[in-house]
Amino acid sequence: MAQVTLNQVRKVYPNGAEALEPSTFTIPDGELCVLVGPSGCGKSTMLRMVAGLEDITEGEISIGDRIVNDIDPADRNIAMVFQNYALYPHMTVARNMGYGLKNRGMDKGQIAAKVREAAEMLNLTEFLDRRPSQLSGGQRQRVAMGRAIVREPDLFLFDEPLSNLDAKLRNQMRIEIRALQRRLGTTAMYVTHDQVEAMTMADRIIVLSNGHIEQIGTPNEIYEHPASTFVASFMGAPPMNLLEADAAQGRVTLKNGEVVPQASVNGHAGAVTVGIRPEDIMPSPQGDLTLDVDIIEELGAQRLLHGQMGGQAFSVAVPKDQEASTGEMRLALKPNAVHLFDADQGRRLG
Amino acid sequence: MADITDTNVHTTTSATTRRPKRIRWDHIGDHAVLIAGALLMLVPVYMVFATSSWDAITVHREGMQFGFGDQLVENYNAALLEYGGFTDSVNGLTMLGNSLILGLGFAIGKIIVGMMAAYAIVYFRLKFATLAFWMIFTTLLLPLEVRILPSYEVISWMNLGNTYTGLIVPLIASATATFFFRQFFRSIPEELIEAARIDGAGPVKFFIDILVPLSKTMIAAMFIIMFVFGWNQYLWPTLITTDESLFTLVRGIRQIVQSYADGSETPDYGQAAALAIIAMTPPVLIVVFFQNWFVKGLTESDK
Ligand SMILES: Nc1ncnc2c1ncn2[C@@H]1O[C@H](COP(=O)(O)OP(=O)(O)OP(=O)(O)O)[C@@H](O)[C@H]1O
Ligand SMILES: [Mg+2]
Numbered sequence: 052m053a054q055v056t057l058n059q060v061r062k063v064y065p066n067g068a069e070a071l072e073p074s075t076f077t078i079p080d081g082e083l084c085v086l087v088g089p090s091g092c093g094k095s096t097m098l099r100m101v102a103g104l105e106d107i108t109e110g111e112i113s114i115g116d117r118i119v120n121d122i123d124p125a126d127r128n129i130a131m132v133f134q135n136y137a138l139y140p141h142m143t144v145a146r147n148m149g150y151g152l153k154n155r156g157m158d159k160g161q162i163a164a165k166v167r168e169a170a171e172m173l174n175l176t177e178f179l180d181r182r183p184s185q186l187s188g189g190q191r192q193r194v195a196m197g198r199a200i201v202r203e204p205d206l207f208l209f210d211e212p213l214s215n216l217d218a219k220l221r222n223q224m225r226i227e228i229r230a231l232q233r234r235l236g237t238t239a240m241y242v243t244h245d246q247v248e249a250m251t252m253a254d255r256i257i258v259l260s261n262g263h264i265e266q267i268g269t270p271n272e273i274y275e276h277p278a279s280t281f282v283a284s285f286m287g288a289p290p291m292n293l294l295e296a297d298a299a300q301g302r303v304t305l306k307n308g309e310v311v312p313q314a315s316v317n318g319h320a321g322a323v324t325v326g327i328r329p330e331d332i333m334p335s336p337q338g339d340l341t342l343d344v345d346i347i348e349e350l351g352a353q354r355l356l357h358g359q360m361g362g363q364a365f366s367v368a369v370p371k372d373q374e375a376s377t378g379e380m381r382l383a384l385k386p387n388a389v390h391l392f393d394a395d396q397g398r399r400l401g
Numbered sequence: 036m037a038d039i040t041d042t043n044v045h046t047t048t049s050a051t052t053r054r055p056k057r058i059r060w061d062h063i064g065d066h067a068v069l070i071a072g073a074l075l076m077l078v079p080v081y082m083v084f085a086t087s088s089w090d091a092i093t094v095h096r097e098g099m100q101f102g103f104g105d106q107l108v109e110n111y112n113a114a115l116l117e118y119g120g121f122t123d124s125v126n127g128l129t130m131l132g133n134s135l136i137l138g139l140g141f142a143i144g145k146i147i148v149g150m151m152a153a154y155a156i157v158y159f160r161l162k163f164a165t166l167a168f169w170m171i172f173t174t175l176l177l178p179l180e181v182r183i184l185p186s187y188e189v190i191s192w193m194n195l196g197n198t199y200t201g202l203i204v205p206l207i208a209s210a211t212a213t214f215f216f217r218q219f220f221r222s223i224p225e226e227l228i229e230a231a232r233i234d235g236a237g238p239v240k241f242f243i244d245i246l247v248p249l250s251k252t253m254i255a256a257m258f259i260i261m262f263v264f265g266w267n268q269y270l271w272p273t274l275i276t277t278d279e280s281l282f283t284l285v286r287g288i289r290q291i292v293q294s295y296a297d298g299s300e301t302p303d304y305g306q307a308a309a310l311a312i313i314a315m316t317p318p319v320l321i322v323v324f325f326q327n328w329f330v331k332g333l334t335e336s337d338k
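Read top to bottom, the protein sequences are chains Z and H. First residue of the first sequence: 52, per my numbering; consecutive thereafter. First residue of the second sequence: 36, per my numbering; consecutive thereafter.
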């Protein structure tokens with residue numbers, strides 16, 4: 052068990068590309084921390100530096116109370132689960148899981164016992180003598196998990212472990228991994244670009260964009276108080292609506308002249324970006340805002356109404372039992388629905 | 036019992052009522068070409084085999100034979116067991132043994148050297164890895180025949196003439212195996228290597244526990260190619276071995292016919308043919324037995 056600390060960690064690849072700007076954060080012992088962000092933002096780079104598979108350009112990484120910069124991956128007492136499983140194709144499931152222990156010089160009986168225990172936990176007992184090629188994708192993923200568990204590591208590292216699975220299996224494995232991690236109480240770093248995975252699994256989310264950390268927080272904090280327009284639009288599905296607006300005399304006015312209620316600008320004046328989640332606004336005849344609906348998208352449990360608000364794209368989610376039609380409609384905000392960001396930097400205001 | 040007869044009846048009826056297959060004329064063309072090709076390859080082999088059952092005089096008078104004679108057993112016996120050559124120190128079995136040593140030594144040596152070289156080039160950050168690879172690669176353009184004189188110089192300077200070492204080692208030094216293994220290693224996913232690193236497999240363990248088993252089919256394919264290649268070597272063994280007890284089969288065949296050129300006696304054609312058949316058999320057997328592996332190794336990888 053261990054906490055993980057990154058102190059001003061930076062990564063520049065030999066070709067000169069800065070994949071990670073100096074980053075500092077701590078993951079408390081036993082937490083599952085999700086690194087999320089679009090493709091190429093440096094998630095894998097960060098994870099691989101913690102694993103020791105990639106050199107650290109600057110800064111320090113510690114696992115527990117040990118600085119691991121110069122420690123070999125095998126000696127960091129970590130376990131990693133890869134996207135394409137990376138199982139040894141020529142070894143049986145049991146040997147795959149026991150290989151790391153064997154290399155540590157553990158005796159055969161002990162290895163077999165540990166492998167059996169992990170296999171039971173993961174419902175793999177009947178497959179122990181099979182080769183990876185004789186397993187389904189989900190089973191292979193479990194074997195990869197098993198290989199990580201038997202080592203009893205201080206830290207689990209997951210690099211998009213579920214992205215090769217179909218949607219249904221992904222949901223199931225997501226829950227299983229989460230439950231397993233809770234039960235073992237092992238600290239974990241989990242990389243994904245799927246914001247649903249991030250929201251549902253994480254104790255703490257780190258949102259990365261273009262090599263820098265946009266925000267660190269619990270799923271709730273990230274959802275309720277996105278620190279920037281990037282986080283606001285990346286986290287949450289359907290994504291938050293972002294509208295250009297002007298702030299003057301304590302009021303925020305859209306391009307079509309409508310005043311956005313609830314918006315408190317604290318003396319800020321000039322161009323701002325207004326963020327409203329599609330689920331935080333609802334049709335209401337007395338509403339302050341006008342939406343011109345073009346398209347209605349049926350999602351089953353809810354409908355998405357897409358249209359224009361003051362000439363800018365805007366979406367509203369309504370429950371399935373609410374009638375909807377194209378054309379003009381009035382909208383009212385739910386409480387605390389408005390997020391304000393400055394227009395240049397996209398930073399949160401207030 | 037009733038069940039069994041029942042099913043029998045079913046299968047026969049379904050077989051008889053099946054519509055006759057239509058003849059596909061384009062397939063007939065294809066097959067004609069294939070059959071002609073096969074005959075072209077096989078008829079000479081058959082003729083050698085048939086000839087190997089005749090006595091020397093008949094062959095000398097009437098040439099290669101199509102039918103079978105009565106000397107089959109005698110010829111093979113003589114070819115395998117009768118000592119010949121100037122010094123009477125070598126028979127077919129010794130030559131068979133020598134050929135095996137050359138074929139196996141060459142194939143195994145080449146695979147070991149090739150794999151290790153490829154391992155070094157692919158997995159270690161060497162200063163001049165690319166340069167080294169291209170230097171090794173250019174040796175593909177320099178098979179033994181091209182560098183035969185300097186090689187001979189070196190071997191005789193090292194006093195390795197008439198030794199198995201001298202016979203095998205110079206042949207091993209070329210790039211084919213290195214090249215194939217390099218391509219294969221590069222196709223192994225990076226993540227597998229990283230998983231092994233995290234699992235605490237050092238360079239030697241990784242090589243033995245992961246790389247060698249993964250390369251199994253590749254090794255088998257290499258082995259077949261190299262064995263046959265080594266087995267069929269003629270020029271280098273001729274040059275480097277003067278001691279008849281080191282003669283290989285391929286050389287031995289010539290030795291029998293050689294006596295004709297010397298004008299000393301009628302060459303023993305029947306025996307030569309028998310020896311040729313014996314020389315052909317092991318490579319054929321190896322290819323037949325390992326062809327599954329062979330195809331697998333060249334076309335797919337076990338990943
Ligand atoms: N070996 C490398 N050499 C040079 N640049 C690299 C290397 N590996 C990654 N990069 C660059 O570093 C940046 C971050 O890469 P990284 O693999 O960490 O992205 P990621 O967030 O994991 O993306 P994805 O979701 O697609 O896996 C990318 O711009 C990538 O092009
Ligand atoms: Mg990645």
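The C-beta atom is built at its ideal place from N, Cα and C for all residues, glycine as well.
For chain Z, check one thing: does any of its Cβ atoms lie closer than 9 Å to the Cβ of residue i?
| i | result |
| --- | --- |
| Ile233(H) | yes |
| Asn327(H) | no |
| Leu227(H) | yes |
| Ala236(H) | yes |
| Leu341(H) | Chain H is shown only over 36 to 338; residue 341(H) falls outside these bounds and no answer can be derived. |
| Leu249(H) | yes |
| Lys331(H) | no |
| Ala230(H) | yes |
| Lys240(H) | yes |
| Ala37(H) | Only weak support is given to the placement of Ala37(H): the predicted model assigns it a pLDDT of 40, under 50, and the value that follows is read from those uncertain coordinates. For Ala37(H), the answer is no, since every Cβ of chain Z falls outside 9 Å of its Cβ. |
Quick check on residue i: does DSSP put it in helix, strand or coil?
| i | result |
| --- | --- |
| Ile200(Z) | helix |
| Lys306(Z) | coil |
| Glu227(Z) | helix |
| Lys162(H) | coil |
| Leu186(Z) | coil |
| Leu246(H) | helix |
| Tyr199(H) | helix |
| Asn110(H) | helix |
| Ile92(H) | helix |
| Pro205(H) | helix |
| Asn147(Z) | helix |
| Gly268(Z) | strand |
| Gly61(H) | First, the amino acid is wrong: residue 61(H) is Asp here, not Gly. Of the three classes helix, strand and coil, the one that applies to Asp61(H) here is helix, per DSSP. |
| Thr276(H) | coil |
Mind checking if residue i is an interface residue toward chain H, Cβ cutoff 9 Å exclusive?
| i | result |
| --- | --- |
| Ala102(Z) | yes |
| Met196(Z) | no |
| Met131(Z) | yes |
| Asn66(Z) | no |
| Ala70(Z) | no |
| Ala170(Z) | no |
| Asn292(Z) | no |
| Arg117(Z) | no |
| Leu215(Z) | Position check: residue 215(Z) holds Asn in this sequence, whereas Leu was assumed. Not one chain H Cβ lies under 9 Å of Asn215(Z). |
| Val55(Z) | no |
| Met333(Z) | no |
| Met142(Z) | yes |
Using the beta-carbon of each residue, which ones in chain Z are nearer than 7 Å to residue i?
| i | result |
| --- | --- |
| Ile245(H) | Tyr139 |
Report the neighbours of residue i on chain H: residues whose CB is nearer than 8 Å to its CB, in chain order.
| i | result |
| --- | --- |
| Thr151(Z) | The question names Thr, but residue 151(Z) in the sequence shown is Gly. Neighbours of Gly151(Z) on chain H, chain order: Ile233, Asp234 and Gly235. |
By the criterion of Cβ-Cβ separation under 9 Å, what are the contact partners of residue i in chain H?
| i | result |
| --- | --- |
| Ala230(Z) | Per Cβ cutoff of 9 Å: no residues; Ala230(Z) is ~24 Å from chain H at best. |
| Ala125(Z) | Arg232, Ile233, Asp234, Gly235, Ala236 and Gly237 |
Listing by chain order, which chain Z residues have their CB less than 8 Å from the CB of residue i?
| i | result |
| --- | --- |
| Pro224(H) | Asn135 and Ala137 |
Which chain H residues are close to residue i, counting only those with a beta carbon under 7 Å from its beta carbon?
| i | result |
| --- | --- |
| Arg398(Z) | Within chain H, no residue comes near Arg398(Z); the closest Cβ sits about 37 Å away, beyond 7 Å. |
Return yes when at least one heavy atom of ligand 3 lies under 8 Å from the C-beta of residue i, else no.
| i | result |
| --- | --- |
| Ser187(Z) | For ligand 3, the structure offers nothing, since it holds only ligand 1 and ligand 2. |
Taking CB distances under 9 Å as the criterion, tell me whether residue i reaches chain B.
| i | result |
| --- | --- |
| Arg155(Z) | In the displayed structure, chain B is absent; the protein chains listed are Z and H. |
Notebook entry, point to check: Looking at C-beta atoms only, is the number of pairs between the region 235-253 of chain H and the region 200-209 of chain H that lie closer than 8 Å three or more?
Noted result: no
Checklist line | Contact the region 116-127 of chain Z vs the region 78-92 of chain Z: 3+ CB pairs below 8 Å | finding: no
Next item on the list: Flag this pair as touching only if the region 163-174 of chain Z and the region 272-284 of chain H have three or more C-beta atom pairs under 8 Å; answer yes or no.
Entry: Result no; under three Cβ-Cβ pairs closer than 8 Å.
Notebook entry, point to check: Would you call the region 195-205 of chain Z and the region 228-245 of chain Z touching, i.e. three or more CB-CB distances under 8 Å?
Noted result: yes
Notebook entry, point to check: What residues from the region 160-175 of chain H come within 7 Å of chain Z, judged by C-beta to C-beta, listed N to C?
Noted result: none
Check: Okay, do the region 126-135 of chain H and the region 223-238 of chain H touch, 3+ Cβ pairs below 8 Å being the bar?
Finding: By the Cβ rule, the region 126-135 of chain H does not count as touching the region 223-238 of chain H, because fewer than three pairs are nearer than 8 Å.
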